[in-house]
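Working notes, structure below.
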Amino acid sequence: MMFFQDIIQNLNKYWSKEGCLIMQPYDTEKGAGTMNPHTFLRAIGPEPWSVAYAEPCRRPTDGRFGDNPNRAQHYFQYQVIIKPSPDGIQEKYLKSLESLGIEPKNHDIRFVEDNWESPTLGAWGVGWEVWLDGMEVTQFTYFQQCGGVDCQPIPIEITYGLERIAMFLQDKESIWDLNWNKDFKYSDIWLQFEKGQCSYNFSESNPENLRKLFETYQDEANSLIEKKLTYPALDYVLKCSHTFNLLDARGVISVTDRAQYIEKIRKLAREVASSWMEERNGLNFPLIKNTF
624 MMFFQDIIQN LNKYWSKEGC LIMQPYDTEK GAGTMNPHTF LRAIGPEPWS
674 VAYAEPCRRP TDGRFGDNPN RAQHYFQYQV IIKPSPDGIQ EKYLKSLESL
724 GIEPKNHDIR FVEDNWESPT LGAWGVGWEV WLDGMEVTQF TYFQQCGGVD
774 CQPIPIEITY GLERIAMFLQ DKESIWDLNW NKDFKYSDIW LQFEKGQCSY
824 NFSESNPENL RKLFETYQDE ANSLIEKKLT YPALDYVLKC SHTFNLLDAR
874 GVISVTDRAQ YIEKIRKLAR EVASSWMEER NGLNFPLIKN TF
């Protein structure tokens, strides 16, 4: 049996051999691995970039107190971003499945057209969902924009759904029954966490405090953008995004308010992306000198 932690280790080993930096998760709440600065910032600009990492993600509205077998407010992605996109990337992806013990010739693997968009990040791309024997396990995206900035050259993003792949490999019907290693199940580690976070997300959070926090984080992000402090500014954009998601889970955002919140976050994300481009340009895009 391939344990959950082995999937991450095998993907790290495979993509390391393909020339990727192997990084660690970013230390703030985020809804997807794309929000990590190793993707969101590095996807734009002319500098080459090649990185892979596992990323815990939080989507408060998806929580079900651990009662749903394949849905949770906290889960894991494995993220690969390579710029410029190399030739034969689909074949490289299929070989990464082989590193997990999945022989493509023995399974029904389909690339189903599915363009991707993140309104809050001002990001979008074209690509596919990858289906393995009828289950979506990966999102395959050629980024076109991040933070409203055109991506040139075009990077490829590959996002693996680790729980789904583990369910396939371990022949489990529920993420909570997955074996993390030989001694611990997924539920042993994450079920109590899931229940507590769901209680907070849906009933125990204070909406008024969350609104105040959003305004505070927004002010801080704007201040940092003015000071050209790109990384700290992005941290506060991510905090705005997560706080908005908490308000959404609490059910206190109207349709009109929702659109306004998204526009506020998108504006910040665009300004951070522009600041990043100015900063790297001022450094003469130093990574162009390096070959990944």
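Each residue of the sequence shown is one higher than the one before, counting from 624 in our numbering.
All residues carry an ideal CB built from backbone N, CA and C; glycine is no exception.
Could you tell me whether the Cβ atoms of residue i and residue j are closer together than 8 Å?
| i | j | result |
| --- | --- | --- |
| GLY654 | ARG893 | no |
| PHE763 | ILE777 | no |
| PHE699 | LEU634 | no |
| LEU861 | MET658 | yes |
| GLY757 | MET625 | no |
| GLU726 | ARG681 | no |
| ILE788 | VAL760 | yes |
| THR866 | PHE837 | yes |
| PRO679 | PRO648 | yes |
In chain order, what residues of the same chain lie with their CB nearer than 6 Å to the CB of residue i, ignoring the 5 residues before and after it?
| i | result |
| --- | --- |
| TRP747 | GLU740, GLN767 and GLN768 |
| PHE908 | PRO669 and GLU670 |
| GLY686 | GLN696, CYS821 and ASN824 |
| GLY722 | Position check: residue 722 holds Ser in this sequence, whereas Gly was assumed. The residues are ASN633 and TYR637. |
| ARG903 | GLY668 |
| LEU869 | PRO683, SER828 and LEU833 |
| ASN738 | VAL749 |
Can you list, in chain order, the residues of its chain whose CB lies under 8 Å from that of residue i, leaving out five sequence neighbours each side?
| i | result |
| --- | --- |
| TRP638 | ILE645, ALA675, VAL703 and SER719 |
| LYS808 | TRP799, ASP800, LEU801 and ASN802 |
| LYS805 | PHE626 |
| LYS851 | SER898, GLU901 and GLU902 |
| HIS730 | LEU755 and ASP756 |
Helix, strand or coil for residue i, going by three-state DSSP, please let me know.
| i | result |
| --- | --- |
| SER722 | coil |
| SER828 | coil |
| VAL772 | strand |
| ARG889 | helix |
| ARG682 | coil |
| GLY689 | coil |
| PHE915 | Unreliable positioning characterises PHE915 in this predicted model, as indicated by a pLDDT of 48, which lies under 50. The coordinate reading is nonetheless provided below. PHE915 falls in the coil class under three-state DSSP. |
| GLY656 | helix |
| GLU843 | helix |
| HIS730 | coil |
| LEU755 | strand |
| LYS808 | strand |
| GLN696 | coil |
| GLU641 | coil |
| TYR649 | coil |
Between residue i and residue j, how many whole angstroms is the CB-CB distance? I'm expecting something under 8 Å.
| i | j | result |
| --- | --- | --- |
| PHE663 | GLY770 | 7 Å |
| ILE667 | MET900 | 6 Å |
| GLU796 | PRO709 | 37 Å between Cβ atoms; not a contact. |
| THR743 | ILE885 | 6 Å |
Counting only the same chain and skipping the five closest in sequence on each side, list residues whose C-beta sits under 7 Å from that of residue i.
| i | result |
| --- | --- |
| VAL895 | GLY770, ILE848, THR853, ALA856, LEU857 and VAL860 |
| LEU814 | GLY689 and TRP799 |
| LYS818 | PHE688 and GLY689 |
Are there any heavy atoms of the ligand MN lying less than 7 Å away from the beta-carbon of residue i, as far as the coordinates show?
| i | result |
| --- | --- |
| ILE712 | The model depicted lacks the ligand MN and carries no ligand whatsoever. |
Does the stretch 842-853 come within contact of the stretch 823-833, defined as at least 3 CB pairs closer than 8 Å? Because the criterion of three Cβ pairs below 8 Å is not met, the stretch 842-853 and the stretch 823-833 do not touch.
Counting pairs of beta carbons, one from the stretch 706-718 and one from the stretch 816-828, are three or more of them closer than 8 Å? Here the stretch 706-718 makes no contact with the stretch 816-828; the two share fewer than three CB pairs at distances below 8 Å.
Would you check if there are 3 or more beta carbon pairs closer than 8 Å linking the stretch 750-763 to the stretch 728-736? The answer is yes - the stretch 728-736 touches the stretch 750-763, with three or more Cβ pairs under 8 Å.
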